[in-house]
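In order, the protein sequence lines correspond to chains A and B. Just so you know, we're using this note's numbering here: the first sequence kicks off at -4 and counts up by one. Just so you know, we're using this note's numbering here: the second sequence kicks off at 332 and counts up by one.
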Amino acid sequence: MKRFLKYAVYYSVILLFIIFNLVLFDSLRYKKPDQEELKPKMVIVSHVYGNPYWTQVRLGAEKAAMERGVVIDFQGPDDASVEESIRLIKMAYAAKASGIITYVQDESYYKDIINKIIEDRIPLVTIDSDAENSKRLAYVGTDNVEAGRVGGREMIRQIGTEGKVAIIMGGKDVKNQIERVEGFKGYLKSNSNIDILAIETSDSYLLEAELAAKKILSQHPDIKGLFCTSALDGIGASRAVKDLGVAGKVKIVCFDDLPETLDSIEDGVITSTVVQQPYVMGYKAVNIIVDNIEGKKTKGLFITDVQVVDKENLDEFREKQKKYSAQD
Amino acid sequence: MFAIIIILPITTSNVISFIMINRISENYNIMMNRMRITNEIKNNLNESFSHFNKYISANIKESQQFYEFYYDKAVEDVMVLQKDSDLRSKYILRDLLNSLNSYKEAAEFTIEIYNNHSGIDMYYDEYVWTKEIVSYCNAFISLLSESYFDYNINIYNQLKQKQAYINRVLAIYMITALAASTIYTMLFIGDMTRKLKELVKASEKVVKGDFIYNEGERANIYELDILSEAFSKMINHISKYIESLKEKAELEKKLQNEKMKLLSYEKDLKASQLRILQAQINPHFLFNTLNCISQTAINENAYKTESLIRAVAGILRYSLSMMDRDATLEEELNIVKQYMYIQMKRYEDRFKFNLKVNADLKKIIVPAMTLQPFVENAFIHGIEPKEEGGSINIEINEQQERCIILIEDTGCGMDEDALQKIISNSQNQQSVGHTTGLGIKSVVQRLKLMYNEDDIFTIESKKGFGTKVYLKIPIKE
């Protein structure tokens, strides 16, 4: 019995050592990098690289890329810059990307290069902001005039057809901002007697938005509503009304769905926000490009709807957002 | 076993270290090579572009060739890199290659316009575009370096992790090996000390004279087991040897005793012979004289005298010639008869002699002069002192393997003291009146020596009634 035990111990020690050796040698195995076929590459030139709104665009584009067997190269300047954006587009052109999706900050700078690219038979789609007069294949994005109108309708719903409001916009020369203001103004003019007392510019900076809002509110204490056309303007305005103690009294209708914006809606500081569908834009844009590569002539305007999010449908909206991010 | 425990982990760890070092240096080489080629691409591109510039600005024909030469080299390098790169770098390489193509196209286009002797305003845009593309190419090259760098850092991190993992496993491995060898050594030493203690104990016992050694459990250590076995065998041999020595000593002692007995007996014999010789200075003279007397007695017709003398002469001859020889019982009995004849003549009717023989007398061997001393004894101590006389009876019977000789007298008998005196009669004391000078004791001793048995002689006696002597002689074939 003892002898048997002794041999059992011997063999188990040897076995243990063999296992150790196997584990060690197994850990030395070298994984060869996957020899994957290179896929066609789409370059997306965004407005600002790290912007959450554009992150949604990216997620949508990646989803489509996965479905259509292409890859996405998501680019964009770290700060909004026409020169940098155009450089990125030219780089993609020089590298003969299979497709280019770009945001157009100022059509006049973009038009030539867009035309040149199209002439070279590289499909190019504008996204979120259009260059109507260029030869781009298609535009995917919000109709910003319409979005402004939606904002105007929401404002009337909140404050009625009488009263005074002010506008804070992200940039006086930024096309989509101008269009939104245009749409808003037009809708109010034809549907109400509301006076627009002031239009301030934040240049899409948070602090400036807050200061602009404070300025408006102190100059015009009888104001009933603030219409904010860029993502950060709404947040700046909400901080201003909180500081001045008029939260809830002054209705804020803003744009986009930054987390802080949604939180402010929950708190009742921001009344409602006009939300675009960046995810859908990214998804759609990639599909249009791939369609064109595959020979299907897909051209024209692809307008994505805007949606008004207020306290009532906030939860529902957040659910949807979560679903998109989870796909990544 | 022990060797495996120690050698295996060390070998393994060495081999693994070797492989790891090889891998690291291999990776390092690959990385350096890629970096070098990447740099070369950059240099070639810039060289190509500078020659392109020279051509445009100075219209040097050679520059155009150089521009193309360096461009081709750059493209070649990209191709080389494309063969063996990670996915991300491959995408960048594709972009770079495409960009280089674009550069070439743009440059060729510029040169074409330039060659048409157009003004600067005609090819300016194309020239700027070419320059831009070169900057993009450079941007891609930096991206490529970055990508390679990231890739290598990634690999390096993986190797580091792997190294850490391997180190951990190796540490556990070593600890296990150490523990196993420690336990093994302890068990080994335990076995060894147990066995050695056993041996020491056994040797102590041996020193004290105890030759019992149980080998006990085997230690499973080859040398020790052999030692133990040898020790056990040695002890066995020694104890057997000692035993045989003891036996031998005992035997020798016995032999010595016997020799001593024999010597003392022979001494007795010699002494008695000497006495006889002293008493009868010249037996031949005596025999001759007796013969002469016997002849004379015949001549004078004195037959009784003649037969008496012959009897005396017979006894004398026998006792002298047979002293150190064995005789048959028959011969013995003849002497007794002759002796009786003489005594009859001497005492006439004072006693009677009865003889009953119920055995084959020729078969029974006894030392010479065995029977006569007893008969004489019966006369001396039994019949002679008794006024009215008595009878002497001899009965010889064969009983199984023995011959029982009874010598009985109805004389005056003996008390204990007298009995003891006869039995223990030593050679120093004169056995009064005996013909041969032999005492009862020496006769009995001779018998005992001859047959090597103690139970031969018995004597019974009662004051006033007589004495009985029994002799039990073994019959030898």
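For glycine and all other residues, C-beta sits at the position ideal for the given N, C-alpha and C.
Bridge partners - residue i, DSSP secondary structure assignment
{"i": "residue 727 (chain B)", "result": "B:688, B:736"}
{"i": "residue 434 (chain B)", "result": "Per DSSP, none; premise fails for residue 434 (chain B)."}
{"i": "residue 250 (chain A)", "result": "A:269"}
{"i": "residue 195 (chain A)", "result": "A:163"}
{"i": "residue 134 (chain A)", "result": "A:121, A:296"}
{"i": "residue 800 (chain B)", "result": "B:738, B:790"}
{"i": "residue 682 (chain B)", "result": "B:721"}
{"i": "residue 223 (chain A)", "result": "A:163"}
{"i": "residue 658 (chain B)", "result": "B:697"}
{"i": "residue 805 (chain B)", "result": "B:733"}
{"i": "residue 500 (chain B)", "result": "Answer by DSSP bridge pairing: none, since residue 500 (chain B) is not bridged."}
{"i": "residue 245 (chain A)", "result": "A:242"}
Beta-carbon proximity check, residue i vs residue j, cutoff 7 Å
{"i": "residue 57 (chain A)", "j": "residue 67 (chain A)", "result": "yes"}
{"i": "residue 348 (chain B)", "j": "residue 501 (chain B)", "result": "no"}
{"i": "residue 512 (chain B)", "j": "residue 420 (chain B)", "result": "no"}
{"i": "residue 75 (chain A)", "j": "residue 38 (chain A)", "result": "no"}
{"i": "residue 273 (chain A)", "j": "residue 51 (chain A)", "result": "yes"}
{"i": "residue 132 (chain A)", "j": "residue 140 (chain A)", "result": "no"}
{"i": "residue 55 (chain A)", "j": "residue 34 (chain A)", "result": "no"}
{"i": "residue 12 (chain A)", "j": "residue 474 (chain B)", "result": "no"}
{"i": "residue 742 (chain B)", "j": "residue 770 (chain B)", "result": "no"}
{"i": "residue 230 (chain A)", "j": "residue 256 (chain A)", "result": "yes"}
{"i": "residue 224 (chain A)", "j": "residue 276 (chain A)", "result": "no"}
{"i": "residue 91 (chain A)", "j": "residue 429 (chain B)", "result": "yes"}
{"i": "residue 508 (chain B)", "j": "residue 336 (chain B)", "result": "yes"}
{"i": "residue 684 (chain B)", "j": "residue 671 (chain B)", "result": "yes"}
{"i": "residue 89 (chain A)", "j": "residue 458 (chain B)", "result": "no"}
{"i": "residue 149 (chain A)", "j": "residue 303 (chain A)", "result": "yes"}
For residue i, the three-state DSSP class (helix, strand or coil)
{"i": "residue 745 (chain B)", "result": "coil"}
{"i": "residue 268 (chain A)", "result": "strand"}
{"i": "residue 94 (chain A)", "result": "strand"}
{"i": "residue 762 (chain B)", "result": "At residue 762 (chain B), the pLDDT of 48 sits below 50, so the modelled position is not reliable; the number obtained from the coordinates is stated separately. DSSP places residue 762 (chain B) in coil when its eight states are reduced to three."}
{"i": "residue 36 (chain A)", "result": "strand"}
{"i": "residue 70 (chain A)", "result": "strand"}
{"i": "residue 701 (chain B)", "result": "coil"}
{"i": "residue 100 (chain A)", "result": "coil"}
{"i": "residue 627 (chain B)", "result": "helix"}
{"i": "residue 757 (chain B)", "result": "For residue 757 (chain B), the predicted model reports a pLDDT of 48, less than 50, meaning its position is unreliable and no value from the coordinates is stated."}
{"i": "residue 485 (chain B)", "result": "helix"}
{"i": "residue 522 (chain B)", "result": "helix"}
{"i": "residue 305 (chain A)", "result": "strand"}
{"i": "residue 75 (chain A)", "result": "coil"}
{"i": "residue 107 (chain A)", "result": "helix"}
{"i": "residue 190 (chain A)", "result": "strand"}
{"i": "residue 315 (chain A)", "result": "helix"}
{"i": "residue 216 (chain A)", "result": "coil"}
{"i": "residue 126 (chain A)", "result": "coil"}
{"i": "residue 261 (chain A)", "result": "helix"}
{"i": "residue 2 (chain A)", "result": "helix"}
{"i": "residue 41 (chain A)", "result": "coil"}
{"i": "residue 204 (chain A)", "result": "helix"}
{"i": "residue 323 (chain A)", "result": "For residue 323 (chain A), the pLDDT reaches just 49, beneath the cut-off of 50, and the residue's location in the model is therefore unreliable, leaving the point undetermined."}
{"i": "residue 336 (chain B)", "result": "helix"}
Check: residue i C-beta below 6 Å from any heavy atom of the ligand FMN
{"i": "residue 176 (chain A)", "result": "Absence of the ligand FMN from the depicted structure is noted, as is the absence of any ligand whatsoever, leaving it without description."}
Margin query: Taking contact to mean 3 or more Cβ pairs, one atom from each stretch, closer than 8 Å, check whether the region 124 to 136 of chain A and the region 93 to 109 of chain A are in contact.
Written below: In the pairwise beta carbon analysis, the region 124 to 136 of chain A is classified as touching the region 93 to 109 of chain A: at least three pairs are separated by under 8 Å.
Item checked: Segment contact, 8 Å Cβ cut-off, at least three pairs: the region 150 to 160 of chain A with the region 181 to 197 of chain A -> The region 150 to 160 of chain A vs the region 181 to 197 of chain A: in contact.
Check: Given 8 Å as the limit, is there contact between the region 439 to 455 of chain B and the region 401 to 410 of chain B, that is, 3 or more CB pairs closer than that?
Finding: In short, these stretches do not touch, since the Cβ pair count stays below three.
Next item on the list: Count the C-beta pairs between the region 172 to 184 of chain A and the region 205 to 219 of chain A that are closer than 8 Å, then say yes if the count reaches three, no if not.
Entry: No: the two stretches stay apart, fewer than three of their Cβ pairs being nearer than 8 Å.
Margin query: Does the region 716 to 731 of chain B come into contact with the region 775 to 788 of chain B, if we say contact requires no fewer than three beta-carbon pairs (one atom in each stretch) closer than 8 Å?
Written below: Touching, no, given that fewer than three Cβ pairs across the two stretches are closer than 8 Å.
Notebook entry, point to check: Three or more C-beta pairs closer than 8 Å, one from the region 451 to 460 of chain B and one from the region 516 to 528 of chain B: is that the case here?
Noted result: No, they do not touch.
Margin query: Closer than 8 Å is the cut-off here; do at least three beta carbon pairs connect the region 160 to 175 of chain A with the region 217 to 227 of chain A?
Written below: With a cut-off of 8 Å, the region 217 to 227 of chain A and the region 160 to 175 of chain A count as touching, because enough Cβ pairs lie within range.
Margin query: Would the region 659 to 666 of chain B count as touching the region 622 to 642 of chain B if we require 3 or more Cβ pairs under 8 Å?
Written below: No: the two stretches stay apart, fewer than three of their Cβ pairs being nearer than 8 Å.
Next item on the list: Examine the Cβ distances between the region 358 to 365 of chain B and the region 476 to 491 of chain B and report whether three or more of them are shorter than 8 Å.
Entry: In short, these stretches touch, since the Cβ pair count reaches three.
Notebook entry, point to check: Fully enclosed by the region 407 to 483 of chain B, which alpha helix (DSSP H) runs are 4 residues long or longer?
Noted result: Under the rule that a run must span 4 or more residues, the alpha helix (DSSP H) segments found entirely inside the region 407 to 483 of chain B read 418 to 446.
Next item on the list: Take every Cβ of the region 722 to 731 of chain B, pair it with every Cβ of the region 687 to 700 of chain B, and state whether three or more of those distances are shorter than 8 Å.
Entry: They touch, by the three-pair rule.
Check: Do the region 282 to 291 of chain A and the region 242 to 253 of chain A make contact, defined as three or more Cβ pairs closer than 8 Å?
Finding: By the Cβ test, the region 282 to 291 of chain A is not in contact with the region 242 to 253 of chain A, since fewer than three Cβ pairs between them sit closer than 8 Å.
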